[in-house]
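A short write-up of the structure that comes next.
Numbering (this note's numbering), first residue to last: 50 to 989.
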């Protein structure tokens, strides 16, 4: 296609929703021909799939049909396809099968926003009475035949043995590639392993390079599983770079027909080189004696200019990914200040009406605090931000309006690309690196693919566009590399946790639990790696047999003889190291005794030969004396301990004149002449003749040499040839042993970790062999990163005397993680009982950390007190304005932190003894915090 800079694109492709009726063909087609075409389309379809296809006004793609046929045929499926390709159709077919067959379907998603979106989709299709929703925030019609839920909710139901599981036929796992997430990924594997055998898994994944490997694992743990991989994007994607307001195609086509291929645009490469060269030339210019003003640092095009450029090219709506929440908000303000307007008057009125309807339940005061005025002003102009720091309601408004085509430019963080269905015509990426919480790191090909996957709306756009904004540090070749790498591997992040251990042992016992964990994808991948290592060990063992045969001698056992030679060589090397160490120590001591005028012999190196000491140099360096000397060649040198492998002794003394200066050439010549005249020529030889051999005096070496001479093969005329084969055998045997240790280290790695986790739990009284104690059952109800610390705090009674606000403050330390650096000032905390309880929790964490170290595991982070004051004030009933003002949190971060706190408070209440003070206090704390912006929910 041509660059959008020169006109509209020429990309080709057809859309699913073009309005052509599926049952009619081109003009002139006979009824028989139309019937034959219909038979070809429906061949292999069962009755359920035929019925399901009538629900859609477009034809299903081949990969969707193949996956649905496998499901109707009784198999589970793994579907790996690009973002926006329509994978969810397969998940919806599973729901359709459940409804028509009288069973249940659970549709799981990784994030609540995606759960809410999918719930709304299914309600529109099947009606509210047949669809339910279960997330941490909402419980709607949970016994419906089709229930949408977050993956964690299903995991908790499995461990609790919930009655809701009765009749379950299908589990759809949308975005199953989340199992690679190092914080939450284990949940996906827990569900896949523990869901009943009668349930069919429908796994929907982004395109990953090892889909077949993942499919093999699913087949192994779940039975018959069809793997359907489709790398075709339904809407073609064209890649560009923007520089100075101009759009360049990233690739250009060369050749024709079968020889046609895409290569990096040479015009873009020349532009980048010219810009960098121009900056270097301008940077150091001088005019006369005065330096010319430095040119300003390269400035990328302003964000409003980028949006206007895209609008002129017909490339809106667009999502611009900025890897900073503050950057997203700043971009919106820049567009407002620039007077950018992308909507008509009618669209602005419709936007305002929708936003006011969605925020009707939020008080005017809270809306003021949340910056609703600026938010609405930007919306009316067709511009918005989208990031985790926003109030969930505001984010949902942006999503709804963008999907309806009312919002034309969204500035978002990468979290938008990870779940919700919010495609655009164009995706803009400002930078190719991002802050990951520890350092600035480059985007991976997988992340680039995920971001650009949002470009191209199926049924609306003929083509999608990805635009990277050029800068001096952005190499076009690097962008081409990212764009050309379509897939990335799916690697397990699974590891046992304390909660998982008590639940598994309680359900199936310790031994069966170990077996179940060995079925994890993590162990499957580790075993795959072991297979390759084991294969190499086997090859090495075959080679070792050949080497041993080649080393055979007709006079005796040459391998025995070779082993004796190695022992002799090892002993000689050991003595040599010991002697070298002794000599270095002696050399250091001898240098400390040198005086000016001493004539010494530098034994080796570039400075070897006779020299006279000018300055002993004691105390000049931390590694020992550094004498300053004059050599016989009239060179003044500063020596070091490295120049003396052995002790040095003066061979003579000469007088150094008081007027001597090392910088005076004549003085150096005179002193060197005195040195040559004073010291005899044979001094070097006499000193080198000294010394002895430690090996000659060592009894073990003497005995080994005698044994070698007595050995039968010592006199073999092919002894050295045999020795070469024996040495090869020895080196390969050493390498093979290292491989064997690596195999042992990877085998049963998950089970070994589980054993260590169980050892911690037994030491603390949560397990007794195959039995779970009462305290263990309490731990089994706590699903939190700091599950063990939560259970220990309950058991130790650290919270028994707290009121509801104080309890909220303490429990917040178990869920909150600050974005502040480690060296930030200590956060403010409530005084009195709260402060005492928090201090006790930190001490308790220290004790548990020591137990973990003893058992070689590390799961528990230190409690984070950064949200304690905010939680305390919110539970006390303070206004949102006051709470946010003191917390430095955005509204979205505040709401998310409170909801996480509410979730754990609910678990604490459930785990506490019935009618206990702590249970009642936790419930009161939840009631006091579920108010205002926290209480408002998008699903009722």
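Even for Gly, the Cβ is constructed at its ideal location relative to N, Cα and C.
Here the structure is a predicted model, which means the values were calculated and not measured.
(request) Counting only the same chain and skipping the five closest in sequence on each side, list residues whose C-beta sits under 8 Å from that of residue 75. (result) Note that residue 75 scores a pLDDT of 45, beneath 50, so its modelled location is shaky; the value from the coordinates is reported in the next line. Answer for residue 75: no residue qualifies.
(request) Return the residue from the list 690, 680, 693 that minimises the CA-CA distance to residue 714. (result) 680
(request) Would you mind giving the Cβ-Cβ distance between residue 291 and residue 516, rounded to the nearest angstrom? I have them listed as a contact below 8 Å. (result) 5 Å
(request) Return the CA-CA distance between residue 237 and residue 200, expressed in angstroms with no decimal places. (result) 7 Å
(message) Rounding to the nearest angstrom, what Cα-Cα distance links residue 981 and residue 948 in this structure?
(response) 12 Å
(request) Specify the secondary structure class of residue 142 as computed by DSSP and reduced to three states. (result) helix
(request) Determine the contact status of residue 549 and residue 756, defining contact as a CB-CB distance below 7 Å. (result) no
(message) Can you give me the C-alpha to C-alpha distance between residue 819 and residue 911, rounded to a whole angstrom?
(response) 30 Å
(request) Tell me residue 247's beta-bridge partners as DSSP assigns them. (result) None, per the DSSP bridge assignment.
(request) May I ask which residues mark the beginning and end of the beta strand (DSSP E) holding residue 832? (result) Looking at the DSSP string, residue 832 is not in any beta strand (DSSP E), and its letter there is neither H nor E.
(request) Taking 7 Å as the cut-off, decide whether the C-beta atoms of residue 917 and residue 880 are in contact. (result) no
(message) Going by C-alpha to C-alpha distance, which of 157, 401, 151, 435 sits closest to residue 253?
(response) 157
(message) Excluding the 5 residues flanking residue 646 on each side, which residues of the same chain have their C-beta closer than 8 Å to its C-beta?
(response) 661, 662, 702, 703, 704, 705
(request) Keeping to the same chain, check which residues put their C-beta closer than 7 Å to that of residue 338; ignore five residues upstream and five downstream. (result) A caution first: residue 338 carries a pLDDT of 47, below 50, which makes its placement in the model too unreliable to give a value.
(message) Assess contact between the region 823-832 and the region 587-606, defined as three or more Cβ pairs (one per stretch) separated by less than 8 Å. Is contact present?
(response) no
(message) Below 8 Å, how does it come out for the region 354-372 and the region 452-461: are there three or more Cβ pairs, yes or no?
(response) yes
(request) Name the one or two DSSP bridge partners that residue 297 has. (result) 290
(request) Count the other CB atoms, across all protein chains shown, that sit within 10 Å of the CB of residue 132; report buried if there are 16 or more and exposed otherwise. (result) buried
(message) Strictly by DSSP, which residues pair up with residue 435?
(response) 461
(message) In chain order, what are the residue ranges of uninterrupted beta strand (DSSP E) at least 3 long that sit wholly in the region 101-156?
(response) 125-129
(request) Identify whether residue 739 lies in helix, strand or coil by the three-state DSSP scheme. (result) Residue placement at residue 739 is poorly supported in this model, since its pLDDT is 44, which falls under 50; the coordinates still yield a value, given next. Reduced to three states, the DSSP call for residue 739 is coil.
(message) Quick check on residue 403: does DSSP put it in helix, strand or coil?
(response) helix
(request) Classify residue 700 as helix, strand or coil using the three-state DSSP reduction. (result) coil
(request) Work out the CA separation of residue 724 and residue 667 for me, nearest whole Å. (result) 23 Å
(request) Can you grab the Cα-Cα spacing for the pair residue 890 / residue 945, in whole Å? (result) 23 Å
(message) Within the continuous alpha helix (DSSP H) that includes residue 555, where are the two ends?
(response) 547-557
(request) Evaluate residue 631 with the Cβ neighbour count: other Cβ atoms within 10 Å of its Cβ, from every protein chain shown; 16 or more gives buried, anything less gives exposed. (result) exposed
(request) Alpha carbon to alpha carbon, how far is residue 764 from residue 615? Give it in angstroms, no decimals. (result) 18 Å
(message) To the nearest angstrom, how far is the alpha carbon of residue 135 from that of residue 286?
(response) 16 Å
(message) Count Cβ pairs between the region 924-931 and the region 406-424 that sit closer than 8 Å; are there 3 or more?
(response) yes
(request) Return the residue from the list 839, 845, 940, 888 that minimises the CA-CA distance to residue 953. (result) 839
(request) May I ask whether a heavy atom of the ligand HEM can be found less than 6 Å away from the beta carbon of residue 703? (result) Ligands are entirely absent from the displayed structure, and the ligand HEM is therefore not among its contents.
(message) Could you tell me which whole beta strand (DSSP E) segments of length 3 or greater appear in the region 652-698?
(response) 658-664, 677-680, 685-687
(request) State the CB to CB distance for the pair residue 231 and residue 542, rounded to an integer number of angstroms; the pair is presumed to be in contact (CB under 8 Å). (result) 4 Å
(request) Whole angstroms is fine: what's the gap from residue 435's alpha carbon to residue 490's? (result) 22 Å
(message) Quick check on this structure: which residue in 583, 356, 183, 973 has the alpha carbon closest to the alpha carbon of residue 790?
(response) 583
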